[in-house]
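The sequence shown maps to residues 1 to 232 in UniProt numbering. Okay, so here's the structure we're looking at.
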Amino acid sequence: MFQTSHYVFVTLFLEVFCMQRSFYYSVLDIEATNFPLTVSYPNFSILQCGTVCTEDSFCTEFLFNKTNKQCNAVHCVNKPGYSYQFLSSKNDQLLRFRKDLNWTYMGHYYYHVEKTATWEEAKLECQKLCSYLVEINSKDESDWLAASFFMKDNCDSNIYPSCTAWTGGNDRSTEGGYLWDHSNTLISFTNWYPEEPNGRDSENCIQLENDGSWNDRTCDIPLSYICEKNDI
């Protein structure tokens with residue numbers, strides 16, 4: 001049984017990876033997992049299924065039934081205009097593919113998106129990846145994030161112009177009452193740059209600087225951002 005599954009893995013992985021270069025194969029999905037937001041496409045090949053998911057920015061993974069050729073694209077956020085179905089994946093014929101986004105692991109999984117976005121846009125993009133804007137709970141974590149994602153030759157020596165990213169921290173609801181957006185908890189640990197925060201009611205979102213410190217910034221400014229999730 002193991003040897004058969006191994007050959008299935010190799011064949012399907014090469015077929016999808018070489019053609020799409022966006023997915024990696026995980027497992028035959030034999031454990032019961034519920035997916036409330038799936039879009040079904042009947043009579044698709046694996047490559048067609050991968051193409052649909054690749055071209056849909058809301059699609060985080062797809063489930064493919066080897067027997068009936070049913071393709072199910074999985075979303076984490078409701079996208080207007082789509083007809084969703086609830087799917088329970090306990091099926092030994094169901095193959096599961098996820099987008100390979102090179103998440104970095106350090107207790108949790110982190111993904112730095114270099115394409116810039118406003119804070120609200122970044123929040124939505126992380127949600128589409130079944131994740132959330134990063135929540136930082138210690139100086140070690142803050143320093144590690146900066147060292148992992150910002151220590152590059154093209155980063156300016158000045159902390160402000162380049163190599164910064166949105167976090168989930170903000171005081172948009174109550175001035176001075178900084179919360180982590182995803183957990184809706186008050187921020188207890190802080191790592192503010194000297195004389196920050198200084199923006200009062202015009203700068204309500206927290207950006208991580210390339211030295212690991214924090215700065216309050218106008219939420220409409222496009223920056224890169226870091227998504228976080230507990231598992232992939």
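Every residue gets a Cβ at the ideal spot worked out from N, C-alpha and C, and that includes glycine.
Check your understanding: Can you tell me the Cα-Cα spacing of Arg-21 and Lys-99, whole angstroms?
Key -> The sequence position of residue 21 within the sequence shown is 21, counting from 1. The sequence position of residue 99 within the sequence shown is 99, counting from 1. Model confidence at Arg-21 stands at a pLDDT of 42, short of 50, so the residue's coordinates are unreliable; what they give is reported in the following sentence. So the two alpha carbons sit approximately 9 Å from each other.
Review point. What's the gap between the Cα of residue 247 and the Cα of Glu-120?
Key: Residue coverage of the chain in this structure runs from 1 to 232, which leaves residue 247 outside it and unanswerable.
Point to revise | Inter-residue spacing [alpha-carbon to alpha-carbon] between Leu-94 and Gln-70 | key: Numbered from its first residue, the sequence shown carries residue 94 at position 94. Numbered from its first residue, the sequence shown carries residue 70 at position 70. When rounded, the distance between both Cα atoms is 9 Å.
Check your understanding: Could you give the residue range of the alpha helix (DSSP H) that holds Ser-142?
Key -> Working through the sequence shown from its first residue, we reach residue 142 at position 142. Counting along the chain, the alpha helix (DSSP H) containing Ser-142 begins and ends at 139-149.
Review point. According to the neighbour-count rule (16 or more other Cβ atoms, all chains shown, within 10 Å of its Cβ), is Lys-123 buried or exposed?
Key: What you label residue 123 is simply residue 123 of the sequence shown in a count that begins at 1. By the 10 Å Cβ count, Lys-123 comes out buried.
Exercise for review: Mind checking which residues open and close the beta strand (DSSP E) that includes Trp-119?
Suggested key: Numbered from its first residue, the sequence shown carries residue 119 at position 119. That residue, Trp-119, is in no beta strand (DSSP E); its alpha helix (DSSP H) goes 119-128.
Review point. What's the gap between the Cα of Arg-96 and the Cα of Leu-37?
Key: Here residue 96 refers to the residue found at position 96 of the sequence shown. Here residue 37 refers to the residue found at position 37 of the sequence shown. Going from the Cα of Arg-96 to the Cα of Leu-37 covers about 15 Å.
Point to revise | Best match in Lys-128, Ser-224 and Pro-80 for proximity to Thr-116 [C-alpha to C-alpha] | key: Against the sequence shown, residue 116 aligns to sequence position 116. Out of Lys-128, Ser-224 and Pro-80, Ser-224 has the C-alpha closest to the C-alpha of Thr-116.
Review point. Do you know how far the Cα of Tyr-84 is from the Cα of Ser-45?
Key: Translated into positions along the sequence shown, residue 45 becomes position 45. Translated into positions along the sequence shown, residue 84 becomes position 84. When rounded, the distance between both Cα atoms is 20 Å.
Exercise for review: Enumerate in chain order the residues of its own chain whose CB-to-CB distance from Cys-126 is below 6 Å, with the five nearest sequence positions on each side excluded.
Suggested key: Position 126 of the sequence shown, counted from the first residue, corresponds to residue 126. Taken in chain order, the residues that qualify are Tyr-132, Leu-133 and Cys-227.
Check your understanding: Considering only the beta carbon of each residue, do residue 235 and Ser-202 sit closer than 8 Å?
Key -> Summary: the structure shown does not reach residue 235, with the chain confined to residues 1 through 232, and so no result is reported for it.
Point to revise | Residue range of the beta strand (DSSP E) that includes Val-52 | key: Residue mapping note: residue 52 aligns to position 52 of the sequence shown, counting from 1. Per DSSP, Val-52 lies in no beta strand (DSSP E); the unbroken alpha helix (DSSP H) holding it starts and ends at 46-55.
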